[in-house]
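Okay, so here's the structure we're looking at.
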Ligand SMILES: Cc1ncc(C[n+]2csc(CCOP(=O)(O)OP(=O)(O)O)c2C)c(N)n1
Ligand SMILES: Cc1ncc(C[n+]2csc(CCOP(=O)(O)OP(=O)(O)O)c2C)c(N)n1
Ligand SMILES: [Mg+2]
Ligand SMILES: [Mg+2]
């Protein structure tokens with residue numbers, strides 16, 4: 081175990097997988113010589129050379145399409161899309177290409193690529209650099225979507241993603257890169273995709289959160305303790321496939337659920353969580369599931385406006401109080 | 081009133097609005113001389129000339145971005161995107177451009193454009209020409225999304241969409257173009273956006289459907305009558321804004337709900353319906369809402385495979401039977 | 296002449312062009328009889344491009360195609376029978392009926408694959424070339440695409456990266472004068488799209504797309520360069536499609552004069568004329584008969600094959616779904 | 296000389312360049328003091344492009360800008376005070392604090408607007424030009440964009456349509472040698488991106504981007520053509536940014552030699568030298584002092600302005616939402 085920043089944990093994962101498998105290569109904007117705008121790929125071009133760590137032009141659309149077909153033909157590409165806000169440019173390649181071929185071509189191809197990106201607000205980056213488009217990505221069949229919160233998960237899940245035989249969209253968060261935590265140094269350490277993690281146990285309500293919102297949910301749970309409410313906090317980690325069993329098990333005990341996602345509300349990822357819970361846990365629910373999300377509007381620039389729209393511990397606590405009242 | 085095909089009703093709406101307002105213009109692939117691959121724009125280039133009815137290169141991405149800014153600067157563009165499957169190419173313009181400016185620029189601009197497209201399966205067009213991506217579109221704030229089913233609504237809602245001051249995504253369905261119905265010929269006839277329509281009244285269950293699925297829901301309701309179940313069928317028509325009041329009113333009477341959408345299930349439009357119903361009608365529900373959707377996989381080409389995956393009257397009936405049992 | 300095909304190679308191209316022509320004619324007939332499903336895009340009259348461009352490739356080389364890929368499929372070595380079976384959605388089709396005619400792939404033959412998103416084959420081939428460069432393989436990737444596809448943004452992005460990184464990819468622009476129904480003059484302000492190669496510092500050549508030998512030689516030069524690591528190249532093959540855009544096309548935008556003029560330059564006839572002094576008309580006629588018989592037999596067999604049974608695909612089953 | 300700016304116009308460009316420079320320097324200082332929020336993209340050293348290109352425009356003409364738009368904003372006639380207030384998220388900002396520095400718009404001045412999706416300004420201006428053509432207006436649209444943006448697919452699509460339809464739009468490529476941190480040689484295989492204009496049958500000219508007069512003349516020629524209905528044109532202005540990509544840039548990829556060489560060709564100094572014989576050094580120095588004072592006052596005032604209050608925007612409120 082070593083204490084590491086989230087960005088360093090990702091860097092370690094990339095380095096280890098590139099050392100272990102010569103077919104793993106990286107490409108993306110400013111990831112090479114500069115080491116990436118969030119420094120996740122620092123030092124990797126020096127270690128692995130320009131063929132395997134490639135600075136690219138600003139061409140997200142073609143790059144994503146190229147990741148799909150490079151993956152079909154013997155390599156394991158890891159593509160960095162600098163901001164999740166640019167992922168709309170990747171969607172044709174994901175929806176019309178990556179999503180269909182394994183089935184449509186009757187199993188003739190596999191597409192083991194990873195699309196890393198980072199989203200979310202809170203950094204004063206404005207309406208075009210602060211979004212979480214989780215729901216659009218998780219809507220695409222045949223693709224996994226994960227969003228680790230801890231440095232250990234960042235490392236272990238990125239290694240699993242690179243080794244996976246299917247496309248994986250790997251969602252980071254700009255405010256997580258500098259968070260620190262213990263990370264196993266063992267090259268065999270991985271964290272499986274598709275499993276949620278209980279970050280705090282509780283009896284009265286289950287809070288299901290994604291990405292940085294897990295940290296806010298934990299803060300909310302602290303505050304709720306003072307309100308006399310025992311909140312369970314579950315880090316979903318894997319947005320697709322979703323760990324429905326863990327969700328159902330928790331709700332069977334707490335009978336109340338709040339779902340938290342930093343994306344928009346309408347047709348957002350939180351809607352799927354709410355609908356899934358309805359499907360699976362209707363009889364266990366004492367109250368409707370509450371969604372805590374970004375309101376359906378652009379992320380404003382000015383700090384007080386941005387803070388007003390971002391979901392946070394206070395809004396989660398309010399939602400819990402409404403649900404358990 | 082005149083009996084018209086759905087495609088003719090759309091054509092009439094375009095013609096009337098272009099006659100009434102010189103700032104309305106059309107552009108899209110093969111919409112001019114050829115009249116559109118579904119013949120919706122037939123005769124319009126002849127009537128309105130090449131400046132106002134424009135054949136374009138295959139450049140969906142830029143065209144959508146151009147619709148946004150043309151709309152900001154004095155015109156009312158109506159853009160045809162030939163298949164909804166190509167809408168991922170339009171998403172940057174919708175999400176990062178059209179969605180943000182009215183708010184971000186503090187009301188300095190309006191963007192009165194319409195993006196017409198058509199989706200859905202059942203025509204043997206394969207995995208890249210049969211999708212319904214409703215949920216991705218309806219996820220975008222600041223944009224309206226509508227999907228008329230009847231020829232009268234096709235005409236009346238398209239006229240409303242063209243006159244609207246916000247961007248409107250107008251979803252047609254390839255299997256609806258040849259359906260016929262009575263359509264008012266009055267140039268003042270419009271159908272407001274944002275209101276659902278009850279297509280059949282019922283007591284035991286409410287079926288909420290979108291686009292062509294409304295026709296399947298009506299067939300299911302016929303079959304259910306023989307099963308002794310009285311099903312209400314509500315044509316949502318407007319996917320965003322959603323007519324939550326009509327939904328709640330219906331469920332207050334039937335206490336059971338089935339939602340039907342031709343898109344994928346996970347993070348699909350049906351998930352939002354399910355979640356909205358949970359938010360608003362939890363106490364009125366006697367059973368969880370059932371979703372009837374495309375399964376989470378590509379639309380296969382071969383007819384028996386395609387029929388196996390498309391939601392239809394039989395699957396809707398099955399879902400109702402599960403819900404009301 | 297450098298990179299000219301051998302007589303045997305030319306005869307084989309001749310044979311494949313006939314297979315494709317008979318395939319297209321058969322599809323046209325069956326469409327009229329109401330026996331096809333969904334849109335089908337014929338390539339009558341432009342067979343030389345796909346057949347000759349792919350004749351240059353090895354099995355390990357990769358090919359991406361379009362919605363109008365029949366000549367590419369046959370060129371890259373697929374048998375006509377599984378292609379027909381796929382077009383009719385049969386369990387015996389190249390993709391077990393799941394893909395349909397626009398999306399056929401045969402990974403072993405290096406065809407991966409058809410693509411019905413216009414332009415998408417261009418970055419697809421470029422990505423395969425990227426993979427080969429990373430792995431140090433000597434294979435090349437080829438993309439055949441249309442004049443309409445050249446206007447897509449993804450074409451620009453992919454060609455720029457291909458040239459920037461000297462990727463082993465060859466771009467074959469099948470310029471048949473039309474997008475869907477609009478002439479190329481309504482799609483771009485330049486008649487010769489290959490002028491754009493200069494914007495990527497990439498070599499380009501315009502060839503008569505109805506002359507299989509000319510296509511073969513030009514493409515072979517570019518494939519050689521690519522294989523040697525000298526980077527990508529663009530071939531613009533000028534041709535024409537005799538039939539409508541697809542079986543759903545109501546026509547009316549192609550002039551009878553143009554069609555007649557291009558039919559007078561039938562690529563099969565051009566090869567026939569070139570080959571008859573070499574191998575004799577009788578041998579060529581015999582090849583034509585055999586090819587015709589092969590296609591007829593394939594149609595007969597495919598049309599009596601069973602449809603596939605539906606099963607939830609395992610790769611997708613892990614997820615929440617409605618089935 | 297055809298389309299040369301008048302002395303008064305040149306003096307005004309000189310003044311605006313100083314306003315922009317003082318703005319950038321002020322932002323740099325405040326960033327060091329930890330008083331800015333989010334990334335800020337300075338344009339020190341490349342002011343002449345944005346200021347001179349926009350000097351050619353009328354109020355009715357439309358401009359789209361980038362993430363690095365301060366010179367474009369001031370050039371198009373915005374006062375520096377609401378720009379600063381917007382950068383600091385104040386209620387008095389051009390967009391009431393909602394937009395931030397990358398997205399500033401002032402519809403009355405024709406700036407609509409900044410854009411932080413690289414390349415997106417190109418179809419944006421093209422769409423405005425389309426609108427003008429449809430309405431029969433005599434206004435033109437201009438897009439200023441970077442060498443990085445030229446590699447995006449949307450650039451290709453938009454330029455193709457602009458040229459095809461002879462839209463009244465002028466493309467000004469601000470070639471500052473870098474994308475974010477990578478040099479242009481790592482982004483495209485051609486040094487002069489304007490070669491691509493030939494692929495659209497569109498005129499193009501390369502100019503010294505640090506010489507306001509040269510930029511003005513070249514752009515004015517293109518604007519004239521566009522206004523006459525002769526179609527779009529491309530100006531490639533070669534320049535260099537002295538500072539990092541943004542305030543978050545850790546640097547290290549620009550050589551001190553390059554920076555020194557380009558600083559020796561400071562666009563403000565070039566205009567100063569050209570103007571001092573015409574209007575005298577004293578007048579220019581006075582302008583500099585006044586411009587500096589204006590910017591300093593604007594900073595002082597903006598920084599003490601109130602922040603906006605949050606309200607659910609009505610255009611979005613109709614929808615389901617979480618507030
Ligand atoms: C992205 C996208 N836009 C539009 C279409 C509809 N479409 C199919 S083929 C075609 C024309 C293609 O022209 P070209 O590339 O020249 O190929 P050709 O049909 O001439 O072989 C169009 C517009 C599509 N399939 N994909
Ligand atoms: C679509 C998209 N991709 C990537 C980025 C991140 N990014 C912001 S500016 C920039 C470099 C832009 O280079 P250039 O166009 O030359 O403009 P400059 O910064 O040099 O003015 C990049 C990669 C972005 N904002 N948008
Ligand atoms: Mg063509
Ligand atoms: Mg630059």
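Protein chains in written order, with the numbering used here: chain A, 81 to 405; chain B, 81 to 405; chain C, 296 to 618; chain D, 296 to 618.
Every residue gets a Cβ at the ideal spot worked out from N, C-alpha and C, and that includes glycine.
Fair warning: this is a prediction, and the values are worked out from it, not measured in the lab.
The closest CA to that of residue 150 of chain A, considering only A:352, A:369, A:124, A:106, is found on A:106. Burial state of residue 99 of chain B is exposed, judged by a 10 Å Cβ sphere holding fewer than 16 other Cβ atoms. For residue 345 of chain D, the uninterrupted alpha helix (DSSP H) run begins and ends at 342-350, by DSSP. Here residue 121 of chain B is buried, its C-beta having at least 16 other C-beta atoms within 10 Å. For residue 475 of chain D, the CB falls within less than 6 Å of some heavy atom of ligand 2. Taking a C-beta cut-off of 8 Å against chain C, the contacting residues of the region 91-119 of chain B are 109, 110, 112, 113, 114, 117, listed in chain order.
For residue 204 of chain B, the chain C residues whose C-beta falls within less than 9 Å of its own C-beta are 331, 332, 333, 334, 384, 395, listed in chain order. For ligand 4, a non-hydrogen atom lies closer than 6 Å to the CB of residue 442 of chain D. Within the chosen limit of 6 Å, ligand 4 does not reach the beta carbon of residue 410 of chain D with any heavy atom. Within the region 371-384 of chain A, the residues whose Cβ lies closer than 9 Å to any Cβ of chain D are, in chain order, 371, 372, 373, 374, 375, 376, 377, 378, 380, 381, 382, 383, 384. Not one heavy atom of ligand 1 sits closer than 6 Å to the Cβ of residue 454 of chain C. For residue 505 of chain C, the distance from the CB to the nearest heavy atom of ligand 3 is not below 6 Å.
Between residue 542 of chain C and residue 331 of chain C a beta carbon distance of about 6 Å is seen, short of the 8 Å cut, so the two are scored as contacting. Here the distance from the Cβ of residue 471 of chain D to the nearest heavy atom of ligand 3 is not below 6 Å.
In the three-state scheme derived from DSSP, where H, G and I count as helix and E and B as strand, residue 377 of chain B is classed as coil. Ligand 1 has a heavy atom closer than 6 Å to the beta-carbon of residue 363 of chain C.
Note on geometry: alpha-carbon atoms of residue 344 of chain C and residue 306 of chain C lie some 15 Å from one another. Exposure of residue 525 of chain C is indicated by the presence of fewer than 16 other C-beta atoms within 10 angstroms of its C-beta.
Secondary structure at residue 438 of chain D: strand, using DSSP grouped into helix, strand and coil.
Per the C-alpha coordinates, the member of A:184, A:392, A:384 positioned closest to residue 605 of chain D is A:384. Closer than 7 Å to the CB of residue 270 of chain A there is not a single CB belonging to chain C.
The beta carbon of residue 176 of chain A sits closer than 7 Å to some beta carbon of chain B. Annotated three-state conformation of residue 249 of chain A is strand, per DSSP. Excluding sequence positions up to five before and after residue 398 of chain D, its CB lies within less than 8 Å of the CB of 390, 408, 409, 410, 411, all in the same chain and listed in chain order. Nearest C-alpha to residue 218 of chain B among B:251, B:231, B:187, B:193: B:251.
Looking at the DSSP output, residue 195 of chain B sits in a beta bridge with B:159, B:249.
Cβ-Cβ separation between residue 81 of chain B and residue 321 of chain B: approximately 29 Å, too far for a contact (criterion under 8 Å).
For residue 602 of chain C, the shortest separation between its Cβ and any heavy atom of ligand 1 does not lie below 6 Å. Neighbours of residue 208 of chain B in chain C, taken as residues at a C-beta separation under 8 Å, are given in chain order as 397, 398, 410, 411, 412. Between the C-alpha atoms of residue 281 of chain A and residue 311 of chain A there is a straight-line separation of about 7 Å. Contact of residue 423 of chain C with chain A is assigned, a C-beta pair being separated by under 7 Å. Only residues of its own chain outside the window of five on either side were considered, and among them 194, 224, 241 have a CB closer than 6 Å to the CB of residue 248 of chain A, listed in chain order.
Cα atoms of residue 396 of chain C and residue 370 of chain C: separation of roughly 15 Å, rounded to the nearest angstrom.
In the three-state DSSP reduction, residue 356 of chain A falls in the helix class (H, G or I). Here residue 507 of chain C is buried, its C-beta having at least 16 other C-beta atoms within 10 Å.
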